[in-house]
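Asker: Just so you know, we're using full-length UniProt numbering here: the sequence shown kicks off at 1 and counts up by one.
All C-beta atoms, glycine included, are put in the ideal place defined by N, C-alpha and C.
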Amino acid sequence: MAGDTTLSENYAFAGVYHVFDQHTDSAVPKVQFAHDDRHLLACCSLDGTISVCRLAPGPPAVLQVLRGHCGGVADFAWSLSNDVLVSASLDGTLRLWPPADGRCIRRVPDPDGAALLCCAFQPLNNNLTVVSDAPGTPPITSWPPRAPQHPRRSPRH
Numbered sequence: 001m002a003g004d005t006t007l008s009e010n011y012a013f014a015g016v017y018h019v020f021d022q023h024t025d026s027a028v029p030k031v032q033f034a035h036d037d038r039h040l041l042a043c044c045s046l047d048g049t050i051s052v053c054r055l056a057p058g059p060p061a062v063l064q065v066l067r068g069h070c071g072g073v074a075d076f077a078w079s080l081s082n083d084v085l086v087s088a089s090l091d092g093t094l095r096l097w098p099p100a101d102g103r104c105i106r107r108v109p110d111p112d113g114a115a116l117l118c119c120a121f122q123p124l125n126n127n128l129t130v131v132s133d134a135p136g137t138p139p140i141t142s143w144p145p146r147a148p149q150h151p152r153r154s155p156r157h
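#1: Taking only heavy atoms of the ligand HEM into account, decide whether any of them is closer than 7 Å to the Cβ of residue 51.
#2: Pick out whichever of 108, 106, 107 and 82 has its Cα sitting closest to the Cα of residue 33.
#3: Is DSSP giving residue 54 helix, strand or coil here?
#4: Return the residue from the list 52, 86 and 53 that minimises the CA-CA distance to residue 97.
#5: Out of 100, 70 and 127, which has the shortest C-alpha to C-alpha gap to residue 88?
#6: Under 7 Å Cβ to Cβ from residue 92, same chain only, skipping five residues before and after it: list those, please.
#7: Per DSSP, residue 66 is paired with what?
#8: Alpha carbon to alpha carbon, what distance is there between residue 49 and residue 104?
#9: Where does residue 66 land, buried or exposed, given buried means 16+ other C-beta within 10 angstroms?
#10: Between residue 125 and chain C, is any beta-carbon pair separated by less than 8 Å?
#11: Using the beta-carbon count (16 or more within 10 Å), is residue 73 buried or exposed?
#12: Taking only runs of the beta strand (DSSP E) that begin and end inside the UniProt repeat "WD" (66 to 107), which ones reach a length of at least 3 residues, in chain order?
This is how it looks when you write it as structure tokens:
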């Protein structure tokens, strides 16, 4: 602990720093800070968007709103270098986005059209993403983000 403070003092609620309210009509299933960056964060929404926000320097601000999904965004993940976000949507697509400019650079539909519930970058190799879909026991699907072929799918358990 810093100085002579207790655990409860270190984690005491000290008020609200800022309220980002761009997703007022839909639930926000995930909020996550970028890797090794305490000022950059993103949140996904069931309204089909992802907001990229900066807390400092300067006043807190929404930098980009990533639009393109036709259904709610259930999950997203930052690449290790924070230069790409991967998103999984209830519309059955996984998308890749550079958060700096907000354009979708890759759209990959689930082969069965199933809603996608979670996604991640492989922690040591950002050239591989994984995603899981909704029906039954979900398979893990993986592919290099820049490869044109369809994803490889592991068998259902």
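Answerer: Short version:
#1: Among the components of this structure there are no ligands whatsoever, and the ligand HEM is therefore not found.
#2: Translated into the one-based positions of the sequence shown, residue 33 becomes position 33. With distances taken between Cα atoms, residue 33 lies closest to 82.
#3: For the purposes of this step, residue 54 is identified with residue 54 of the sequence shown, where counting begins at 1. The answer is strand: DSSP assigns residue 54 an E or B state.
#4: Within the sequence shown, the letter at position 97 stands for residue 97. When each option's Cα is compared against that of residue 97, the closest is 86.
#5: Here residue 88 refers to the residue found at position 88 of the sequence shown. When each option's Cα is compared against that of residue 88, the closest is 70.
#6: Residue mapping note: residue 92 aligns to position 92 of the sequence shown, counting from 1. Excluding positions up to five away in sequence, the list reads 109, 110, 113, 114, 115 and 116.
#7: Along the sequence shown, read from residue 1 onward, the residue named residue 66 stands at position 66. DSSP lists 50 as partners of residue 66.
#8: Position 104 of the sequence shown, counting from 1, holds the residue named residue 104. Position 49 of the sequence shown, counting from 1, holds the residue named residue 49. Taking the straight line joining both Cα atoms gives about 12 Å.
#9: In the sequence shown, counting from the first residue as 1, residue 66 sits at position 66. The residue in question, residue 66, is buried, as its Cβ has 16 or more Cβ neighbours within 10 Å.
#10: Looking for chain C here will not work: only one protein chain is present.
#11: Taking the sequence shown and counting its residues from 1, one reaches residue 73 at position 73. Buried.
#12: 73 to 78, 85 to 89 and 93 to 97
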